[in-house]
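These notes concern the structure reproduced below.
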Amino acid sequence: MTAQTDSVLNLFRSRGAYLEGHFRLTSGLHSSEYLQSALVLQHPKSAEELGRRLAAALRPLTGAAQVTVVVSPALGGLIIGHEVARALNVRFLFTEREATTRQMVLRRGFQVSAEDTAVVVEDVVTTGGSTREVIDLLRAQGARVFAAGSLIDRSGGTADVGAPRVALATLRASSYDPAECPLCAQGIPVVKPGSRPV
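The following block contains the structure:
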């Protein structure tokens, strides 16, 4: 692990945000590890510092282009996305899942256009699915998406979101299809600590 990965994971541990047990992730996969970013980001100084660090890590991926907007999927990406936008001094938008189709959408009057150059920011990436959905939505509406960033990359660097990406901490966390989960086989109850119901 790099020094940066160690410092971020140590912050998560110190805030009780690096959990061990049997968890159902937002992706639907099961894991013995869960990173509860909200327990870290509830502290404004930690959120601001992590936002500045992630903004600095994203800048090289955007080249000479001026970012005009940071977009995050709700709910996990809201606080860190806002902090990255503040560090970059640009506007911040978030996407939500439409109730019936479960597709990511921009609501609340949020709009992007061909004039926008965007980065997508998430708290934790496992498969990269939510980030990719946001990128696809923004591109379909004409925005140019230069990069994606996250606090934590659980995929060990393998998640493909359709754009260059960076994370403040990268680790290879175990995750399992529920049908093949060894924790389920042991009869350990599964917990869903994130923002979506089980």
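Whatever position you read off the sequence shown (first residue = 1), add 978 for the numbering used here.
Backbone N, C-alpha and C fix where the C-beta goes; we use that ideal spot for every residue, glycine too.
No experiment lies behind these values; they were computed from the predicted model shown.
- Taken in chain order, the complete beta strand (DSSP E) segments of 3 residues or longer contained in the segment 1046 to 1096 are 1047 to 1051, 1069 to 1075, 1082 to 1084.
- A straight line joining the alpha-carbon of A1043 with that of C1159 spans about 44 Å.
- Around A1147, the same chain offers T983, V986, L987, I1130 as residues with beta carbons nearer than 6 Å, after the five sequence neighbours per side are excluded.
- Its Cα nearest to that of T1095, the residue L1036 stands out among G1106, L1036, D1101.
- Three or more pairs of CB atoms, one per stretch, sit closer than 8 Å, so the segment 1013 to 1021 contacts the segment 1048 to 1059.
- Between the segment 1112 to 1119 and the segment 1059 to 1069, the count of C-beta pairs closer than 8 Å stays below three; the two stretches do not touch.
- Residue state for G1029 is assigned as helix, using DSSP reduced to three classes.
- Between S1005 and T1079, the C-beta spacing is not below 8 Å.
- Non-local C-beta neighbours of G1135 in its own chain, meaning closer than 6 Å and more than five positions away in sequence, comprise T1148, ordered along the chain.
- A direct Cα-Cα distance of roughly 26 Å separates L1071 from Y1012.
- Taking each of A1151, R1150, H1008, A1125 in turn and checking the Cα distance to R1143, the smallest one comes out for A1125.
- Nearest C-alpha to H1060 among R1075, R993, R1132, D1101: D1101.
- Restricting attention to S1133, V1049, A1063, the CA atom closest to the CA of F1088 is found in V1049.
- Per DSSP, the continuous alpha helix (DSSP H) segment holding R1117 begins and ends at 1107 to 1118.
- Secondary structure note for L987: its alpha helix (DSSP H) is the uninterrupted segment 981 to 992.
- In terms of Cα proximity to A1063, the closest of E1076, A1157, V1045 is V1045.
- Per DSSP, V1018 lies in no beta strand (DSSP E); the unbroken alpha helix (DSSP H) holding it starts and ends at 1016 to 1019.
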